[in-house]
């Protein structure tokens, strides 16, 4: 089964565990500035929102890359960056409408979420289950279940 | 290795900024944060120095686990000599700037001297410079934060700053980081402002990549995260209610100091409790609490994010207070509320916002307002001082006014800004200042919880709950339940808590983990991350070393056995608790103190013996 990341910001506390797990997995360092997932704080609203690549089916980053460095990982569905091919031209960072592909100046390559090869570390690090890894074709399942629970069959409800 | 091995030394007099290597021998003996920074302070300054003079130093220090993925690994400490107590001060804060300092490659920043004009320190990895702060001097922490973010066009900049209270001489000004986290107690912000240092802005992109045994570290970190999640305090109580989970609990056992500590229970406790923060307000139907929030790397997330009803009298027509910001924690809610008998949750939240906006300690502030209220009701302080504001217990208006005055140092705020000791002395009633060594009590009454009273009198930074939180044992049963009204065994309990806390405060982790973790849990994480063999025994001994070093500093600064005492109100029959389970009780601190000295290896005057000092390598 192909899986996808699903993020529910309502439960996020802004702890950055996901950023630390991500940067450690990919760079061997605890360093939010090298994380592929970022948590945004909206202070006035009291909200924390993690955000990362959604692995578009027709990925702009992939189509824009002039050296075919971004390829589909057929096992995970992720669009992976092949470091040996990437020339650091950053065209993909412009093409991505969501800003989730970024340049890493210390390596001269771009970085983006690769779902950690099918075992995303942000998911296991998240203490509040804000980030979960679920059936890619059923990302709405839990939300449906929550709404289904609220369905009221009594006649009064339709009156 | 987990330390960066680098210190940034900032000489404000000369305007110089220099890197130097960390003393790694000291790191093995004092770890980081509180312990290591205190070692540097002790070595480099005269304990008799004027806290607000150029000879005092101020050290911002991370711990070896700061900036790592260890749960709660975001702490930093500010160590200096306190202008409030004239003792050593260590104020600890979470938020994000501690980790940012570490990610920029620095274990510590040492500030010395005094700048001829206002400056701030800007740090971006290896690059550090002092920059003219005349545009932000005289403005609040919140304004300074916004100004610096705009100035550098960098949303990821992390900022610690002092507010107008510190600049105008408030003796209990803190250093606020990330808008609403605070190195709050003992006037560390006052010291920072005395050096003409307005802010520290840090951006770190290097991260922490030198963990001793990364695979083992990740494994023990994950195991210990699971322990926090499964524990009822760290997994449920704190995330749901924050530290405010305690308000009703402590009130019920008759240990909630009320009305400048005249009483031990507050009728309005529920109105200002963690539970009440969840309830819809009558006025606008929204709860005070919006969400809980975490500091860097914290899987507990006890922080409160709150709003004030836009129609509340404190914020009418003041749109800048209509959004979310740091809400009430237990100590603040107690000092601003129970101790002043104000049961208006939004008024307390407003005062708390101002404490953050202009950087002053809500505990000492609230307790000082309570003392002023008692003096007002006695007719000693009158409308002449308060500018016509009726300063009665229970007055939300008086509390709000006082908060506004202290924020900027205007009017009666000038007197309130000196703390209750100086205020009560000035008006001829020193006995009404509820302090130890000049610092106000936190929210646990020593008449109803005997051990915490002994901790208060022996705490190296004056009255403080987080030097040795025996409430964990005496009330919550962690690690074992002891009777709060009993004195037997308490000297040993207090010592154990104090030593363990000093070690935790030196690690980079938050003390709140110890509701679920013991020293073994912490040692395992340190040992996987850091050079050296870190065992629970070594940690406890390190804590004891830190405690004795702080004690020595204080004695050299002029503290004597006579300072290890409680105000008469708390330790005499005349002041005995009048209601609740502790009715008729008063603190037996004098009975416990000699045994405490003995357990500590101190002589009968409370001086560490040579044998003790030698054993600890001091």
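Protein chains in written order, with the working numbering: chain A, 298 to 456; chain B, 4 to 621.
All residues carry an ideal CB built from backbone N, CA and C; glycine is no exception.
Practice problem: Please check the pair residue 439 (chain B) and residue 462 (chain B), which I expect to be a contact at CB under 8 Å, by giving their CB distance rounded to whole angstroms. | Solution: Sure, about 7 Å apart at Cβ, within 8 Å.
Practice problem: Under 9 Å between beta-carbons, which chain A residues line up against residue 2 (chain B)? List them in chain order, please. | Solution: Shown here, chain B extends from 4 to 621; a query on residue 2 (chain B) therefore has no answer.
Quiz item: If you draw a straight line from the C-alpha of residue 367 (chain A) to the C-alpha of residue 317 (chain A), how long is it?
Solution: Looking at the backbone, the Cα of residue 367 (chain A) and that of residue 317 (chain A) are separated by about 24 Å.
Quiz item: Helix, strand or coil: how does DSSP classify residue 353 (chain B) here?
Solution: Here residue 353 (chain B) sits in helix by DSSP.
Quiz item: residue 461 (chain B): beta carbon under 6 Å from a heavy atom of the ligand GDP?
Solution: By its list of ligands, the structure shown contains no ligand whatsoever, and the ligand GDP lies outside what it can speak to.
Self-check item: Proximity of residue 457 (chain B) and residue 595 (chain B) at Cβ, strictly below 7 Å
Solution: Yes. Within cutoff.
Quiz item: Counting contacts by CB-CB distance shorter than 7 Å, is residue 424 (chain A) in contact with chain B?
Solution: By the rule that beta-carbons nearer than 7 Å mark a contact, residue 424 (chain A) touches chain B.
Quiz item: Just how far apart, CA to CA, sit residue 423 (chain B) and residue 607 (chain B)?
Solution: Just so you know, the alpha carbons of residue 423 (chain B) and residue 607 (chain B) end up roughly 30 Å apart.
Quiz item: Since residue 347 (chain A) is in the alpha helix (DSSP H), which residue starts that stretch and which ends it?
Solution: Here residue 347 (chain A) belongs to no alpha helix (DSSP H); instead the beta strand (DSSP E) covers 344 to 348.
Quiz prompt | For residue 122 (chain B) and residue 134 (chain B), believed in contact at Cβ under 8 Å, the rounded distance | solution = Sure, about 6 Å apart at Cβ, within 8 Å.
Quiz item: DSSP puts residue 89 (chain B) in a beta bridge; with which residues?
Solution: According to the DSSP secondary-structure assignment, residue 89 (chain B) is paired through a beta bridge with no residue.
Quiz item: Using a beta-carbon distance below 7 Å, is residue 343 (chain A) in contact with chain B?
Solution: Chain B contact via Cβ: present.
Quiz prompt | For residue 284 (chain B), three-class secondary structure by DSSP | solution = Residue 284 (chain B) falls in the coil class under three-state DSSP.
Self-check item: Contact check, residue 167 (chain B) vs residue 49 (chain B), beta carbons under 7 Å
Solution: For residue 167 (chain B) and residue 49 (chain B), no; Cβs fall outside 7 Å.
Quiz item: Can you give the beta carbon distance from residue 242 (chain B) to residue 334 (chain B), rounded, assuming they're within the 8 Å contact cut?
Solution: That pair is no contact at about 18 Å.
Quiz item: What residues in the region 187 to 211 of chain B bring their beta carbon closer than 9 Å to a beta carbon of chain A?
Solution: Correct list: 206, 207, 208, 209, 210 and 211.
Self-check item: residue 337 (chain A) in three-state terms, based on DSSP
Solution: Note: residue 337 (chain A) maps to strand in three-state DSSP.
Exercise. Could you list which residues in chain B have their beta carbon closer than 7 Å to that of residue 321 (chain A), in chain order?
Key: Counting only Cβ-Cβ distances below 7 Å, residue 321 (chain A) has contacts in chain B at 72, in chain order.
Practice problem: To the nearest angstrom, report how far apart residue 404 (chain B) and residue 176 (chain B) are at their CA atoms. | Solution: For residue 404 (chain B) and residue 176 (chain B), the gap between their C-alpha atoms comes out near 18 Å.
Quiz item: Residues bridged to residue 170 (chain B) by DSSP?
Solution: Beta-bridge pairing links residue 170 (chain B) to no other residue.
Quiz item: Mind checking whether residue 66 (chain B) and residue 181 (chain B) have CB atoms under 7 Å apart?
Solution: Pairing residue 66 (chain B) with residue 181 (chain B) gives a Cβ-Cβ distance that is not under 7 Å.
Exercise. Give a yes or no on whether the C-beta atoms belonging to residue 374 (chain A) and residue 352 (chain A) are separated by under 7 Å.
Key: The answer is yes: Cβ separation under 7 Å.
Quiz item: For residue 130 (chain B), which residues does DSSP report across the bridge?
Solution: Bridge partners of residue 130 (chain B): B:127.
Self-check item: For residue 80 (chain B): DSSP bridge partner residues
Solution: Beta-bridge annotation (DSSP): residue 80 (chain B) is paired with B:64 and B:95.
Self-check item: Inter-residue Cα distance where the pair is residue 280 (chain B) and residue 518 (chain B)
Solution: Whole-angstrom Cα-Cα distance: 23 Å.
Quiz item: Using a Cβ cut-off of 8 Å, which residues of the region 323 to 342 of chain B contact any Cβ in chain A, in chain order?
Solution: Per Cβ criterion, the list reads 326, 327 and 328.
Quiz item: What residues of chain B sit near residue 331 (chain A), judged by a beta carbon separation below 9 Å?
Solution: Taking a Cβ-Cβ threshold of 9 Å, the residues of chain B close to residue 331 (chain A) are 208 and 210, in chain order.
Quiz item: By the 10 Å Cβ neighbour count, where 16 or more other Cβ atoms means buried, how is residue 61 (chain B) classified, buried or exposed?
Solution: Classification for residue 61 (chain B): buried.
Exercise. For residue 385 (chain B), decide whether its Cβ has a neighbour in chain A, counting only Cβ atoms nearer than 7 Å.
Key: Not an interface residue.
Quiz item: According to DSSP, what are the bridge partners of residue 327 (chain A)?
Solution: Paired residue(s): B:211.
Quiz prompt | Terminal residues of the beta strand (DSSP E) in which residue 556 (chain B) lies | solution = Run containing residue 556 (chain B): none in the beta strand (DSSP E); it sits in the alpha helix (DSSP H), 539 to 560.
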